[in-house]
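Residue 157 in numbering that gives the first Met the number 0 is what sits at position 158 of the sequence shown, and the numbering runs on without skipping anything. We put the CB at the ideal spot given by N, CA and C, even for glycine. All values reported here derive from a predicted model rather than from experimental measurement.
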Amino acid sequence: MTSPSFSRRGDISSFLAMDVMREANMLQQSGQDICHLEVGQPSTKAPQVVLDAARHALDHELIGYTDALGLDALRQALSAYYQTTYKVDIAPERFVITTGSSSGFIIAFLACLDAGQKVAVTTPGYPAYTNIIQSLDLTPVTIPLSHENNWTLTVDDVQAAEKAYGPIDALLLASPANPTGTMLGKQALTDLSHDCHRAGRWFFSDEIYHGLTYAHDATSALQVGDHDGLIVMNSFSKYFSMTGWRIGWMIVPPKMVRAVERLQQNLFISAPTLSQYAACAALSPAAGTELQKHVQLYHHNRDKLLACLRDNGIDNIAPADGAFYLYADLRSLSPTP
0 MTSPSFSRRG DISSFLAMDV MREANMLQQS GQDICHLEVG QPSTKAPQVV
50 LDAARHALDH ELIGYTDALG LDALRQALSA YYQTTYKVDI APERFVITTG
100 SSSGFIIAFL ACLDAGQKVA VTTPGYPAYT NIIQSLDLTP VTIPLSHENN
150 WTLTVDDVQA AEKAYGPIDA LLLASPANPT GTMLGKQALT DLSHDCHRAG
200 RWFFSDEIYH GLTYAHDATS ALQVGDHDGL IVMNSFSKYF SMTGWRIGWM
250 IVPPKMVRAV ERLQQNLFIS APTLSQYAAC AALSPAAGTE LQKHVQLYHH
300 NRDKLLACLR DNGIDNIAPA DGAFYLYADL RSLSPTP
C-alpha cells in the first residue's frame with residue numbers, strides 16, 4: 000500500500016519570521032522575557048474608537064457574513080479616505096475588503112495571471128511575496144536593489160530583467176518598502192506605472208506602509224495614473240495598528256470587480272465582519288488624531304536609532320523614509336573580511 004503524495008505547492012520556503020515568532024512565543028510561554036523584533040508588528044495599539052466599535056458590534060451581534068466585497072459602509076469610508084488623503088476620486092464599488100493584504104495578493108494573482116507567468120519583485124523585499132507567487136504556480140523574477148541605486152527600483156532595472164528573463168507579466172512593488180523603509184519619489188513611481196501600462200504589464204502597488212512616513216507623504220500609484228492594469232493593495236495592519244484583526248483592502252479596475260468578487264465568494268466568503276466594523280472606526284477623525292501620535296513616536300524612535308548607529312560608525316543605511324525598519328550594512332562589525 001502506498002500513501003498519496005503531497006502537492007509540491009507545499010514545498011515553498013517557510014516564512015522564516017513566523018518560524019522565529021513561534022519559537023519566541025514558546026520561550027515566552029515558558030517564562031522567558033522576550034523582545035519581539037521578528038515580524039513587522041507595530042508597537043502601538045489600535046485606536047480606542049476601534050476597540051469601542053468592535054465591542055458595539057459584538058454587543059449587537061453584528062458578526063454574520065457580509066457581502067463578498069465587504070460592508071458598503073467600509074467601502075464608502077475608504078472612498079472618502081482616498082479623497083481626503085490622496086485627492087483622488089475612487090468609486091466605492093472598486094474597493095474589495097480582504098482578509099489582511101495577504102488574501103488580497105492571492106485573489107489578485109488568481110484574477111490576473113495564469114500558471115507560469117512571471118511576477119517581478121525586488122530583493123531585499125518581503126519574503127512572502129516570492130512564496131505566494133510560487134505556491135500559485137507563477138514564476139518570480141527577483142530584481143536586486145543596492146545602495147548604488149539608493150535601494151529603489153527604476154524602469155531600467157525592470158527592462159534589464161526582461162532582457163535577462165523574457166517578458167514580465169506583472170510587477171509587485173512596495174513603497175515604503177519592507178525591509179529598507181525606502182520610498183519612491185513621485186516621478187519614479189510615475190515612470191514605473193507608465194512603463195507597466197505601455198508594456199501591458201500588471202502593476203501591483205503594495206501601499207501597506209502608507210501613513211508611516213516621516214519627511215513627506217507617500218504617493219499612491221492612483222495619483223500618477225489610474226489605468227486598467229493597476230491594482231492597489233493595502234491593509235489596516237501597519238499604520239492603523241490592527242495586525243491581528245486581519246483586515247485589508249484592494250482597489251481594482253472596474254472591469255475586474257466581478258471576477259474578484261467570484262474568487263472572494265468561493266475562496267474566503269468575506270473578510271471578518273467584526274474587523275470590518277472596527278475598520279470603519281479606524282477611518283474616523285478621532286482615530287486619525289491618535290494615529291498621528293503613533294507616527295510621531297515612530298519618527299522619534301527612527302531619529303534616535305539613526306543617530307545611535309552613526310555615532311558608532313554605522314552610516315551605510317538605506318533611506319528610512321517610511322515604515323518602521325532600518326536596513327543597515329553591518330559588515331564593518333564583522334571580524335572576518
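In the three-state scheme derived from DSSP, where H, G and I count as helix and E and B as strand, N233 is classed as strand.
Secondary structure within the region 73-134: the alpha helix (DSSP H) runs of 4 or more consecutive residues, fully enclosed, are 99-111 and 126-134 (chain order). The Cβ-Cβ distance between G224 and T189 falls below 8 Å.
Burial of K237 is indicated by the presence of at least 16 other C-beta atoms within 10 angstroms of its C-beta. In this structure, DSSP gives T335 a state outside helix and strand, which the three-state scheme calls coil.
The beta carbon of L26 is closer than 7 Å to those of I33 in its chain, skipping five residues each way along the sequence.
Per DSSP, the unbroken beta strand (DSSP E) holding S204 starts and ends at W201 to D205. Here L68 is not near L109, since their CB atoms are 8 Å or more apart. Here K44 is near S240, since their CB atoms are less than 8 Å apart.
C-alpha of M249 to C-alpha of K162: approximately 31 Å in a straight line.
T138 is bridged by DSSP to K117. 8 Å or more divides the Cβ of L73 from the Cβ of T272. At a Cβ-Cβ threshold of 8 Å, A107 and I207 do not count as neighbours. L171 is bridged by DSSP to F203.
Under the 8 Å Cβ criterion, the region 114-129 does not count as touching the region 213-228, having fewer than three qualifying pairs. The C-beta separation of L70 from I96 comes to about 7 Å, placing the pair in contact by the 8 Å criterion.
The beta-carbon separation of S234 and G99, rounded to 6 Å, stays under the 8 Å limit for a contact. Selection M20, L183, A53 and Q31 evaluated against G39 yields M20 as nearest (Cα-Cα).
Between the alpha carbons of C111 and D155 lies a distance of about 24 Å. Across the set G247, T288 and K254, the C-alpha of G247 shows the shortest separation from the C-alpha of A270. Of the other Cβ atoms in all chains shown, fewer than 16 fall within 10 Å of the Cβ of T288; this residue is therefore exposed. According to the DSSP assignment, M25 belongs to the alpha helix (DSSP H) that extends over L15 to Q28. As a beta-bridge residue in DSSP terms, I250 pairs with F94 and V231. Per DSSP, the unbroken alpha helix (DSSP H) holding C279 starts and ends at T272 to A281. Within the same chain, Cβ atoms closer than 6 Å to the Cβ of A173 are found at D205, the five residues on either side in sequence being excluded. In the DSSP assignment, K162 falls within the unbroken alpha helix (DSSP H) covering V154 to Y164. If you check the CB distance, L137 and A160 do not come in under 8 Å.
Proximity to L57 across T218, Y276, F323 and R7 peaks at Y276, based on C-alpha coordinates.
Only residues of its own chain outside the window of five on either side were considered, and among them N130, Q133 and S134 have a CB closer than 7 Å to the CB of I11, listed in chain order.
Here the alpha carbon of R245 sits roughly 34 Å from the alpha carbon of A198. DSSP lists I316 as the beta-bridge partner residues of A327.
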